[in-house]
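Encoded as structure tokens, the structure appears first; notes follow it.
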Amino acid sequence: MLSKKTKYGLKALSFLASLEDRQPVQIAEIAKHENISQKFLESILLTLRKSGLLGSKKGKGGGYYLIKDPKDILMTDVMRILEGPIALVPCVSLNFYEKCEDCPDEASCAVHKLMLQVRDSALTVYRHNTLADLIK
């Protein structure tokens, strides 16, 4: 299930992407528009800023803004930043692979085979969608 952190992060990014200009937007405005707790949103936006998707400006006229064009922000990147590994089990993860302790042979493991398909399906969707696609 998608975490609230990821859901709210996607909503905040979509809100910022939908704006005509790329001027900084205060957290309170994003939180109010998207019905998100301001405190929780602060944490999410900080994560997105540290990852290089958002910039921030302090003081009068300050807030958060997209650094990249929405068409250049892949959902694979957003999902990994907010949700972590895309794979549901570590033995099929492309970036965070770990052997399962309870599995003697991945090649014959039914769970492994299924989770490879799930991972690949999710990656196909994420790789073919950008932030711009969410606001069309």
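Take -8 as the starting number for the sequence shown in our numbering and just add one per residue.
Even glycine gets a Cβ: it sits at the ideal position worked out from N, Cα and C.
Between the options, which has its C-alpha nearest residue i's C-alpha?
| i | options | result |
| --- | --- | --- |
| A19 | L(-7), F6, A101, E11 | F6 |
| P61 | P95, T121, Q108, D12 | T121 |
| V83 | Y56, R71, D111 | D111 |
| V109 | S42, L37, L79, H24 | L79 |
| D63 | S(-6), K(-5), L125 | L125 |
| A123 | G43, C94, A101, L65 | L65 |
| L44 | N26, R13, E25 | R13 |
With which residues is residue i paired in a DSSP beta bridge?
| i | result |
| --- | --- |
| K48 | G54 |
| T(-3) | T(-3) pairs with nothing; no bridge assigned. |
| T121 | L65 |
| V16 | Y55 |
Quick one: using the 10 Å Cβ neighbour count with 16 as the cut-off for buried, is residue i buried or exposed?
| i | result |
| --- | --- |
| M(-8) | exposed |
| Y55 | buried |
| L10 | exposed |
| L1 | buried |
| L32 | buried |
| L39 | buried |
Do residue j and residue i come within 7 Å of each other at the CB atom, strictly closer than that value?
| i | j | result |
| --- | --- | --- |
| I58 | G50 | no |
| L114 | T(-3) | no |
| I128 | A8 | In the structure as shown, the chain begins at -8 and stops at 127. Residue 128 is therefore absent and cannot be evaluated. |
| P81 | E89 | yes |
| M70 | Y(-1) | no |
Below 8 Å on the Cβ atoms is my guess for residue i versus residue j; work out the distance and round it to an integer in Å.
| i | j | result |
| --- | --- | --- |
| P15 | K48 | 5 Å |
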